[in-house]
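Add 11 to a position in the sequence shown, counting from 1, and you land on the number used in our numbering.
Built from N, CA and C at the ideal position, the CB exists for glycine as well.
I have placed the structure first, in the form of structure tokens, so that the comments after it can refer back to it.
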Amino acid sequence: MAATALLGALWIARSAAPAAAVSGGRIPSPRQGFLAPDFTVELADGGTFTLSEARGGPVVVNVWASWCPPCRAEMPALQAVWQDAAPSGVMVLALNATRQDSPAAARRFAERFGLTLPIGFDVSGEVERLYQVRALPTTFFIDAEGVIRRVVVGGPLSEASLRAEVEALLAAEAE
């Protein structure tokens, strides 16, 4: 009886479809070349943002906190790139690491710097865990198919660097 159970378990394990086959060939992972894990967050304007609903256009997700000096330094560049790239269908999400910050501090920061780009709140830290964020800022450049094309840990990113990454995403989309 034990041998039959063992053979049955081996057959099931051997014949199971790999995760890549079930997910269209791509396994969600927070690494370059992998499908970006889906998430939904509340936005400062009262709406919500769901990554999978943004498919069809490039997405830049910048994880930041109001107390983080490099985050503060690169925010004007993110704002400028978002203003210029949004008409091309590029979404830039400034995702506040709210578990390490607060929505009130993030809102004050946005007001003080005149930010109008979408600001999301990772209140529970779920996105930080899902994306294995270990340092702030961390920026994910995601193509129109939902694949992470580049991850930049640390900063601040210059406006020229951000623009180059966004242009690469748009060029890949045009191919």
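Span of the beta strand (DSSP E) holding residue i?
| i | result |
| --- | --- |
| Arg-11 | An answer regarding residue 11 cannot be provided, because it is not within the stretch 12 to 186 covered by the chain. |
| Val-74 | 70-75 |
| Glu-156 | Per DSSP, Glu-156 belongs to no beta strand (DSSP E) and is neither H nor E. |
With H, G and I counted as helix, E and B as strand and the rest as coil, what does DSSP make of residue i?
| i | result |
| --- | --- |
| Val-144 | coil |
| Leu-46 | strand |
| Leu-62 | helix |
| Thr-127 | coil |
| Glu-137 | helix |
| Ser-34 | Residue confidence is low: Ser-34 scores 43 on pLDDT, short of 50, so the model does not pin down where it sits. Its coordinate-derived value is still stated next. Three-state DSSP puts Ser-34 in coil, outside helix and strand. |
Could you compute how far the alpha carbon of residue i sits from the alpha carbon of residue j?
| i | j | result |
| --- | --- | --- |
| Ala-32 | Glu-122 | The predicted position of Ala-32 is uncertain, since its pLDDT is 38 and thus under 50; a value taken from the coordinates is nonetheless stated next. So the two alpha carbons sit approximately 46 angstroms from each other. |
| Gly-58 | Val-52 | 9 angstroms |
| Ala-179 | Ala-116 | 33 angstroms |
With a 10 Å radius around its C-beta and 16 neighbouring C-beta atoms as the bar for buried, classify residue i as buried or exposed.
| i | result |
| --- | --- |
| Asp-49 | exposed |
| Glu-85 | buried |
| Gln-43 | exposed |
| Ser-77 | buried |
What is the residue span of the alpha helix (DSSP H) that residue i lies within?
| i | result |
| --- | --- |
| Trp-93 | 80-96 |
| Arg-174 | 170-185 |
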